[in-house]
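Single-structure report; data block below.
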Amino acid sequence: MSNNIILEKLEGVFIRFKEVSQLITDPEVMGDMKRFVKLSKEYKELELISEAAKKYKNAVDTIAESKEIIATESDEELREMAKMELEELEGKLPEMEQEIKLLLVPADPQDAKNAILEIRAGTGGDEASIFAGDLARMYTKYCESKGWRVSISSFSEGTSGGYKEIVLNITGDHVYGILKYESGVHRVQRVPQTETQGRVHTSAASVAVLPEAEEFDVEVKESDIRKDTYCSSGPGGQSVNTTYSAIRLTHIPTGIVVTCQDQKSQIKNLAKAMIELRSRIYAMEHQKYLDEIASKRKTMVSTGDRSAKIRTYNYPQGRVTDHRINLTLYNLSAIIDGDIQEIIDKLQIEENAERLKESGL
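Here is the structure:
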């Protein structure tokens, strides 16, 4: 892609950035909260592109000036300085171009959102529940390393440990954009704690990552919700089992049911349950977008089809394989302990390449 084409595209970015900068200070726009929130997000995105664009444009201009000095200047010292500057900038330009291209390709608008992460034990009985617990711990430790806040919305414990199902609310910077690659079926191959013959079994757990919907993203009518209260179960002290603090919400038009029982306060549980309910309704629409891109991007196949097998954790060989990009790593103990950044980085690189290919940049 030539410099001229990039600069042409960036000219449109500068124009739109100026428009949005003016709009977000308009009292009429500020009075329309939904529009104001949308424009504020666009402003942040355009600001990022504009900063990178200014550096790129300055580099292109300086390269042109340096070439002119080399071609026309008689002073040898000036010519030598221009050559050094030209060499340095031409070395940096490809990296700057790549950054600009990625910024110009529209990102998933949900990437900046918080996330709801749901883990369900699949085939494998008690061992599947134990594995679901291992995955919950893995993601919790990874989130802690990122400085994100994790809270349990609801859970159902397995009979031999772990969870039949657990739902985590994760709050932080670009949580969904980073964790969205984890949706799909995760398999484990190991000797279960319940196995007496020492045989390796294969068990599975499914992971679903949903973008957390904000109030402005989806409207949920109170008349469409049935609310039930019940006693919480699990750890948390005597009051957990004696007060009706747990909440179950049923969205009548869609049949979606969510529960929240991690807080002693019914009001707090209701607030968290409403966030999850909005997110699940919103995710139904978002799924159409995911289905559309699933056929184009192998990194996102799991999100388009949550029954797709995406990763295998093989304990006898100490390896983890991500089947979407044929990546195998031999550091299972570190990965299951939360060190999944390398896998996510490689998935992001692959997706960026696919996004650029789609855009034709």
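By the count of our numbering, the sequence shown reaches residue 1343 at its end, each step adding exactly one. C-beta atoms are modelled at their ideal positions from N, C-alpha and C, and glycine is treated no differently. What you are looking at is a predicted structure, and each value in this text was computed from that prediction instead of being measured.
Mind reading off the beta-carbon distance from residue i to residue j? Whole number of angstroms is fine, and I expect it under 8 Å.
| i | j | result |
| --- | --- | --- |
| Leu-1309 | Ile-1322 | In fact, because the Cβ distance is near 12 Å, the residues do not count as touching under 8 Å. |
| Ile-1006 | Leu-1030 | The pair is not a contact, with the Cβ atoms about 16 Å apart (cut-off 8 Å). |
| Ile-1112 | Gly-1140 | 6 Å |
| Ala-1097 | Leu-1252 | With a Cβ gap of about 21 Å, Ala-1097 and Leu-1252 do not count as contacting. |
| Ser-1032 | Arg-1102 | Not quite, the Cβ-Cβ distance comes to about 43 Å (not below 8 Å), so this is no contact. |
| Gly-1106 | Ala-1190 | No, Gly-1106 and Ala-1190 are not in contact; Cβ-Cβ is about 18 Å, not under 8 Å. |
| Tyr-1163 | Ala-1114 | Not a contact, Cβ separation roughly 18 Å. |
| Tyr-1295 | Leu-1314 | 6 Å |
| Lys-1291 | Val-1167 | 5 Å |
| Lys-1095 | Val-1157 | 7 Å |
| Ile-1234 | Asp-1210 | That pair is no contact at about 13 Å. |
| Lys-1083 | Leu-1338 | 6 Å |
| Asp-1199 | Tyr-1264 | 5 Å |
| Ser-1142 | Gln-1175 | 7 Å |
| Asp-1116 | Ile-1318 | 6 Å |
Taking the DSSP output, what are the residues bridged to residue i?
| i | result |
| --- | --- |
| Lys-1339 | BP columns for Lys-1339 are empty, so no partner. |
| Val-1149 | Glu-1100, Ser-1136 |
| Arg-1181 | None; Arg-1181 has no bridge partner. |
| Lys-1193 | Before going on, a small fix: residue 1193 reads as Pro here, not Lys. DSSP lists Ala-1097 as partners of Pro-1193. |
| Tyr-1312 | Note: Tyr-1312 sits in no beta bridge, so no partner. |
| Val-1302 | Tyr-1295, Leu-1311 |
| Leu-1231 | Lys-1209, Val-1240 |
| Thr-1141 | Gly-1143 |
| Ser-1032 | Note: Ser-1032 sits in no beta bridge, so no partner. |
| Arg-1260 | Answer is none; Arg-1260 lacks a bridge partner. |
| Ala-1253 | According to DSSP, Ala-1253 bridges with nothing at all. |
| Ser-1188 | Arg-1102, Val-1167 |
| Arg-1131 | Thr-1153 |
With a cut-off of 9 Å, does the C-beta of residue i fall near any C-beta of chain B?
| i | result |
| --- | --- |
| Thr-1294 | In the structure shown, chain B does not exist; there is a single protein chain. |
Quick one: give me the first and last residue of the beta strand (DSSP E) that residue i is part of.
| i | result |
| --- | --- |
| Val-1011 | It is not in any beta strand (DSSP E) - Val-1011 instead sits in the alpha helix (DSSP H) that spans 1009-1013. |
| Gly-1166 | 1166-1172 |
State yes or no: is the C-beta of residue i within less than 9 Å of the C-beta of residue j?
| i | j | result |
| --- | --- | --- |
| Ala-1118 | Leu-1071 | no |
| Ala-1195 | Arg-1260 | yes |
| Ile-1238 | Arg-1262 | yes |
| Ser-1138 | Ile-1148 | yes |
| Gly-1159 | Gln-1092 | yes |
| Ala-1046 | Glu-1055 | no |
| Glu-1069 | Thr-1044 | no |
| Pro-1298 | Arg-1169 | no |
| Tyr-1025 | Gly-1320 | no |
| Val-995 | Leu-1086 | yes |
| Thr-1236 | Arg-1208 | no |
| Tyr-932 | Cys-1242 | Residue 932 lies beyond the stretch modelled for the chain, which goes from 983 to 1343, so this question has no answer here. |
| Lys-1254 | Asn-1151 | yes |
| Glu-928 | Arg-1306 | Residue 928 lies beyond the stretch modelled for the chain, which goes from 983 to 1343, so this question has no answer here. |
| Ile-997 | Glu-1079 | no |
| Asp-1244 | Ser-1136 | yes |
| Ala-1053 | Leu-992 | no |
| Glu-1109 | Glu-1177 | yes |
| Leu-1161 | Leu-1099 | yes |
Name the two residues that bound the continuous alpha helix (DSSP H) containing residue i.
| i | result |
| --- | --- |
| Tyr-1121 | 1107-1128 |
| Lys-1083 | 1058-1086 |
| Tyr-1295 | Premise fails: Tyr-1295 lies in the beta strand (DSSP E), 1291-1296, not in any alpha helix (DSSP H). |
| Val-1157 | 1157-1161 |
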